[in-house]
Amino acid sequence: MAAITTENLTKYYSKGAIRALEDLTLQVEPGVIFSLLGPNGAGKTTLLKLLLGICHPTRGNAKLFDQDIRDYHSHTKLGYLAENHRFPEFLNANQVLYYYGKMGGVSSNILNERIPQLLKLVKLDNWGKTKTRKYSKGMLQRLGIAQALINDPELLFLDEPTDGIDPVGRREIRDLLISLQDRGKTIFLNSHLLSEVERVSDQIAILKEGRLKQKGTVQEFISMKDQFQIRMIDGKESIEAECARLNIGLSSQNGAYFVSVNDDQHLNQLIDALRNRKVTIQAIIPHKITLEDFFIKVIEEKEEKKS
Amino acid sequence: MKILAIIQLTFRESFAKKTFIAFFGISTLTCLLFIFALNLDIVNGMQSSISLFGQEAQGLVELDRILFGIESAVAVLLFTGGLFMSLFATSGLIPSFLQTGNVELLISKPMSRWHILTGRFLGGVAIVAFNVFYLVIFSWLILSIKTGIWNWGFLFSGVMIVITFAILYALMTFLGIITRSGAFSLMITYLILFFSPLLLQRNQIYALLSGKFYAYLLDGLYHFLPKTSELGNITRLLVQGESVASWTPLWTSFFFGILMFGLSTYIFSRKNF
């Protein structure tokens, strides 16, 4: 059973004038960290809102653990951290977790046990009795994460979870996400911080203008097939000569050499030739691009096609 | 219970905004006034002297008339001033829960939208009911102990005031859902509250109007809108132990409240946030 399934999910606003999401068909397996990427206005938040029942689809279907999103019972197993969430300022952290936990159907006994644990987890254990109006943005974000976890959800929707959080805090949240995944939770992440997404995600989907442009694993997108970086000491002339002889594409950047080979055997021919020339090879690294590079490439590719 | 959590949260919000405390403080002051400032000297079921803040009233008056008079004054004060204050105090509750960042979190919980709105509505009504019954029951007890006359009709006045508030609050909820503006909802609700006595006198207004259309319009408005003026009159009759000639204003106003709340839940359920 998939954690999330969408089938031709579509959302129009203003009688079709704004097409926020168009025929999205997607499946997210349980236990993965799935990230949704896209430029502003791509339909990321709309998709999240549709899945959570915050807005209604124009057409199409979606299910969370095989339960239709139109049925509010499908929310029983989920936790949600909204972007720019707003907790009542007159409540302290203990009270926020208590009331939102109660609304999530968690019993008082469990809440009494879980609230201190969650506050400790998000490093707010000394702030439990302080009114949230005195919290910084980062603290509110941590409290939002604790709130999303209050019902021990199977599926976690996080909209910009590291927003307003310092680098140390971001790392802690990253570790938290990985530990949650280890416990079998499915995490649906919506973030602008591509470096964060790259580090934690198993799968990503790229949306643009309400349509799905790419979906796959992070490794799939950032690995450049048959491209390698070669680090060596003083072998400039040798590598240029051998690459020309073996018909291997060569480029260099900041003292590093990048080669494009046909296959592994082709690469080994180059290595043998360089070793015969007594070139000292320090490292051969499969060349990868960053997720940011890939994202920009996908977005710009389509722009080019358009123009 | 999930809905109970929303009601409790609404209570807390009202408490935090100090409106609840102000209301509670005024109620407590009124009760303390009855305890300490009102002195009755009773001889053979008749009041031989009555004093308020030490000022003595002269003459022999029947005790039940004094009691009914005081209780009527409290009920009328609650019906007018209390309703006015209650509507003011609760006008922000619907728009505040519809704020971006809050409503999304609530909808993401495993509750139907109907439950969420009902919880919020009941929370608002519960705040007012608590304060109204606190004042009514407390002052009823004091006055009954002091006079030895137990006027149960006074307790029913509390029920009438809460029902009237609930009807008007349903309208305010409807307006709040549509406009998300507490000030606008409050203005329209006040308008209807104060328009009611005018509509009751519509027969006299007809004479001033030229066209039949206006007469139909006023008639239509009278039958459709809550009849707060008549509800106030029913409250007074209940306190004074007199029989109520017609309960129609109550049922029609009640129907208006149900209609407004039904429309509110329908719109809220279909709304995109």
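Same order as they appear, the protein sequences are chains Z and F. To convert, note that position 219 of the first sequence is 219 in this note's numbering; the numbers rise steadily by one, no gaps. To convert, note that position 180 of the second sequence is 180 in this note's numbering; the numbers rise steadily by one, no gaps. C-beta atoms are modelled at their ideal positions from N, C-alpha and C, and glycine is treated no differently. These numbers come from a predicted model, not from an experiment.
Over what stretch of residues does the alpha helix (DSSP H) that includes residue i continue unbroken?
{"i": "residue 287 of chain Z", "result": "Where residue 287 of chain Z is concerned, there is no enclosing alpha helix (DSSP H), although the beta strand (DSSP E) it sits in stretches over 280–288."}
{"i": "residue 255 of chain F", "result": "248–270"}
{"i": "residue 163 of chain Z", "result": "No alpha helix (DSSP H) contains residue 163 of chain Z, which DSSP labels as neither H nor E."}
{"i": "residue 200 of chain F", "result": "182–200"}
{"i": "residue 237 of chain Z", "result": "236–246"}
{"i": "residue 126 of chain F", "result": "113–147"}
{"i": "residue 83 of chain F", "result": "83–90"}
{"i": "residue 233 of chain F", "result": "228–239"}
Within 10 Å of its beta-carbon, does residue i have 16 or more other beta-carbons around it, so buried, or fewer, so exposed?
{"i": "residue 32 of chain F", "result": "exposed"}
{"i": "residue 139 of chain F", "result": "buried"}
{"i": "residue 153 of chain Z", "result": "buried"}
{"i": "residue 59 of chain Z", "result": "exposed"}
{"i": "residue 147 of chain F", "result": "buried"}
{"i": "residue 158 of chain F", "result": "buried"}
{"i": "residue 1 of chain F", "result": "exposed"}
{"i": "residue 1 of chain Z", "result": "exposed"}
{"i": "residue 228 of chain F", "result": "buried"}
{"i": "residue 159 of chain Z", "result": "buried"}
{"i": "residue 57 of chain Z", "result": "buried"}
{"i": "residue 11 of chain Z", "result": "buried"}
{"i": "residue 251 of chain F", "result": "exposed"}
{"i": "residue 249 of chain F", "result": "buried"}
{"i": "residue 133 of chain Z", "result": "exposed"}
{"i": "residue 247 of chain F", "result": "exposed"}
{"i": "residue 95 of chain Z", "result": "buried"}
Is any beta-carbon of chain Z found at less than 8 Å from that of residue i?
{"i": "residue 13 of chain F", "result": "yes"}
{"i": "residue 104 of chain F", "result": "yes"}
{"i": "residue 18 of chain F", "result": "no"}
{"i": "residue 263 of chain F", "result": "no"}
{"i": "residue 110 of chain F", "result": "yes"}
{"i": "residue 285 of chain F", "result": "Because chain F in this structure spans residues 1 to 273, residue 285 of chain F falls outside the shown range and cannot be described."}
{"i": "residue 6 of chain F", "result": "yes"}
{"i": "residue 24 of chain F", "result": "no"}
{"i": "residue 156 of chain F", "result": "no"}
Please report whether the beta-carbon of residue i lies at a distance below 8 Å from any beta-carbon of chain F.
{"i": "residue 153 of chain Z", "result": "no"}
{"i": "residue 132 of chain Z", "result": "no"}
{"i": "residue 103 of chain Z", "result": "yes"}
{"i": "residue 192 of chain Z", "result": "no"}
{"i": "residue 91 of chain Z", "result": "yes"}
{"i": "residue 70 of chain Z", "result": "no"}
{"i": "residue 281 of chain Z", "result": "no"}
{"i": "residue 146 of chain Z", "result": "no"}
{"i": "residue 274 of chain Z", "result": "no"}
{"i": "residue 186 of chain Z", "result": "no"}
{"i": "residue 312 of chain Z", "result": "No answer is possible for residue 312 of chain Z: it lies beyond the span of chain Z, which begins at 1 and ends at 307."}
Between the options, which lies nearest to residue i when the distance is taken from Cα to Cα?
{"i": "residue 210 of chain Z", "options": "Z/36, Z/28, Z/3", "result": "Z/36"}
{"i": "residue 258 of chain Z", "options": "Z/239, Z/264, Z/192, Z/77", "result": "Z/239"}
{"i": "residue 236 of chain Z", "options": "Z/293, Z/251, Z/300", "result": "Z/251"}
{"i": "residue 92 of chain F", "options": "F/177, F/246, F/133", "result": "F/177"}
{"i": "residue 236 of chain F", "options": "F/87, F/110, F/154", "result": "F/154"}
{"i": "residue 169 of chain Z", "options": "Z/121, Z/198, Z/151, Z/127", "result": "Z/121"}
{"i": "residue 156 of chain F", "options": "F/64, F/73, F/13, F/241", "result": "F/241"}
{"i": "residue 179 of chain Z", "options": "Z/200, Z/216, Z/166, Z/218", "result": "Z/200"}
{"i": "residue 266 of chain F", "options": "F/112, F/226, F/247, F/166", "result": "F/112"}
{"i": "residue 129 of chain F", "options": "F/95, F/167, F/142, F/182", "result": "F/167"}
{"i": "residue 9 of chain F", "options": "F/165, F/255, F/106", "result": "F/106"}
{"i": "residue 105 of chain Z", "options": "Z/127, Z/141, Z/75", "result": "Z/75"}
{"i": "residue 30 of chain Z", "options": "Z/266, Z/205, Z/181", "result": "Z/181"}
{"i": "residue 195 of chain F", "options": "F/132, F/226, F/28", "result": "F/226"}
{"i": "residue 108 of chain F", "options": "Z/137, Z/55, Z/125", "result": "Z/55"}
Which stretch, first to last residue, makes up the beta strand (DSSP E) that contains residue i?
{"i": "residue 150 of chain Z", "result": "Residue 150 of chain Z -> no beta strand (DSSP E), and no H or E assigned at all."}
{"i": "residue 80 of chain Z", "result": "78–81"}
{"i": "residue 59 of chain Z", "result": "59–64"}
{"i": "residue 249 of chain Z", "result": "249–253"}
{"i": "residue 272 of chain Z", "result": "Counting along the chain, residue 272 of chain Z falls outside any beta strand (DSSP E), though it belongs to the alpha helix (DSSP H) covering 264–276."}
{"i": "residue 18 of chain Z", "result": "18–28"}
{"i": "residue 11 of chain Z", "result": "4–13"}
**Request:** Mind the definition here: the stretch 179–190 of chain F touches the stretch 203–223 of chain F only if three or more C-beta pairs lie below 8 Å; say whether that holds.
**Result:** no
**Asked** If we count Cβ pairs, one from each stretch, closer than 8 Å, do we get three or more for the stretch 17–24 of chain Z versus the stretch 184–198 of chain Z?
**Response** no
**Message:** Under 8 Å: do the stretch 141–148 of chain Z and the stretch 84–100 of chain Z share three or more Cβ pairs, one atom per stretch?
**Reply:** yes
**Request:** Take every Cβ of the stretch 211–227 of chain Z, pair it with every Cβ of the stretch 259–273 of chain Z, and state whether three or more of those distances are shorter than 8 Å.
**Result:** yes
**Item:** the stretch 259–272 of chain F touching the stretch 173–181 of chain F, judged by at least three CB pairs closer than 8 Å
**Value:** yes
**the stretch 78–96 of chain F / the stretch 159–169 of chain F touching (three or more Cβ pairs under 8 Å)** = yes
**Three or more C-beta pairs below 8 Å linking the stretch 87–101 of chain F and the stretch 76–92 of chain Z** = yes
**Request:** Decide yes or no for the touch test of the stretch 198–212 of chain F against the stretch 112–124 of chain F: beta carbon pairs closer than 8 Å, at least 3 of them.
**Result:** no
**Request:** Assess, as a yes-or-no matter, whether the stretch 9–27 of chain F is touched by the stretch 90–97 of chain Z under the definition of 3 or more beta carbon pairs within less than 8 Å.
**Result:** yes
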